[in-house]
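Colleague: Numbering (this note's numbering), first residue to last: 25 to 335.
Got a structure here, written out as structure tokens. Questions coming.
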Ligand code: GLU
């Protein structure tokens, strides 16, 4: 049975990027007769207060994208808020113990020691704290609470993305030891997403291409935890009309604005047209797009939004 998921981080009002993500995840799973799980990725509780999650749920309902398991709906794999699942992340962390070490680097130190930056702008961790002796660790722990990192091997992790094709990364060279928990105790996305997708029986992950380069790290964690990874489908990013990455500051792309300007069907029809599988652009329900959707029709290159989405 195919199990897809919506995994939004509600740090603001749902925007076009989230909507496209949920639409594609829904179509991809439903077309195979699969079910959909809604998980709220609110690890950063300060940035993702509950009221935003509630609003996001209402917005998804307005769009007509339904799910089988999630907050309110319930289901066997809850809780569906990551902020309520920390015991599971802690248990996974303990399983990885032999490879995990405390990192005391400050932001400034990380910046100063940064090895070459990767394409996505993230620094490759230089491994500074990997070789500290127990005495040095104890000494530093007196001054500062450490973050936790996992050692990565010097080898390639490859997979075939269902949409973008083959992708490979050498974790030591391209990423470095990565964070599993921040110094303030917050679990890292990479760990939480793996634990949750596996625990919720997710068989396909649909998300933006900005997360393509996270996948090798996640595959490494799947391997270490003895879990089966899902299939991955990364879709192209939406760009503002001037070519910039869409951000929360693009008020036009927020659903509060969009809801005032047209129906859910008009919005889905336009988005589906931009995503390549609904040439007419006519208003449509999500259900109405099921017959037309195919991953082959979706472009691989980023999609630039027109000046006026509804003209
Ligand atoms: N919560 C992430 C986001 O909203 C998505 C993570 C994922 O799909 O793996 O960007």
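We treat Cβ as the ideally placed atom computed from N, Cα and C, and that holds for glycine.
Predicted, not measured: the structure shown is a model, and the values here were computed from it.
Taking the C-alpha atoms as reference points, what is the distance between residue 303 and residue 317?
Modeller: About 11 angstroms.
Colleague: Between residue 226 and the rest of its own chain, which residues show a CB-CB distance below 6 angstroms, the 5 nearest in sequence each way excluded?
Modeller: Closer than 6 angstroms at the Cβ level, and outside the excluded window around residue 226, lie 27, 29, 254.
Colleague: Do the stretch 81 to 94 and the stretch 109 to 128 touch if we need at least three Cβ pairs shorter than 8 angstroms?
Modeller: Cβ pair count under 8 angstroms is below three, so no.
Colleague: Given 7 angstroms as the limit, tell me if residue 219 has its C-beta closer than that to any heavy atom belonging to the ligand GLU.
Modeller: No, the Cβ of residue 219 stays beyond 7 angstroms of every heavy atom of the ligand GLU.
Colleague: Assuming residue 291 and residue 298 form a contact by the criterion Cβ under 8 angstroms, report the distance between their Cβ atoms to the nearest whole angstrom.
Modeller: With 8 angstroms as the limit, residue 291 and residue 298 do not qualify as a contact, their Cβ atoms being about 11 angstroms apart.
Colleague: Where are the beta strand (DSSP E) runs, 3 residues long or more, that stay fully inside the stretch 215 to 253, in chain order?
Modeller: DSSP runs (the beta strand (DSSP E)) wholly in the stretch 215 to 253: 228 to 232.
Colleague: Would residue 215 and residue 117 qualify as a contact pair, given that the criterion is a beta-carbon distance under 8 angstroms?
Modeller: Going by C-beta atoms, residue 215 is nearer than 8 angstroms to residue 117.
Colleague: With respect to the beta strand (DSSP E) encompassing residue 127, which residues constitute its N-terminal and C-terminal limits?
Modeller: Residue 127 -> beta strand (DSSP E) spans 124 to 127.
Colleague: In whole angstroms, what separates the C-alpha of residue 279 from that of residue 39?
Modeller: Cα-Cα distance, rounded: 6 angstroms.
Colleague: What number of angstroms, rounded off, separates the C-alpha of residue 81 from the C-alpha of residue 68?
Modeller: Roughly 18 angstroms between the two C-alpha positions.
Colleague: Going by C-alpha distance, which of 171, 180, 184 is nearest residue 204?
Modeller: Closest by alpha carbon: 171.
Colleague: Quick check: is any heavy atom of the ligand GLU less than 7 angstroms from the C-beta of residue 32?
Modeller: Correct: residue 32 has its Cβ closer than 7 angstroms to the ligand GLU.
Colleague: What residue range is occupied by the uninterrupted beta strand (DSSP E) comprising residue 194?
Modeller: Run containing residue 194: 189 to 194, per the beta strand (DSSP E) assignment.
Colleague: Just list the residues that DSSP pairs residue 176 with in beta bridges.
Modeller: According to DSSP, residue 176 bridges with nothing at all.
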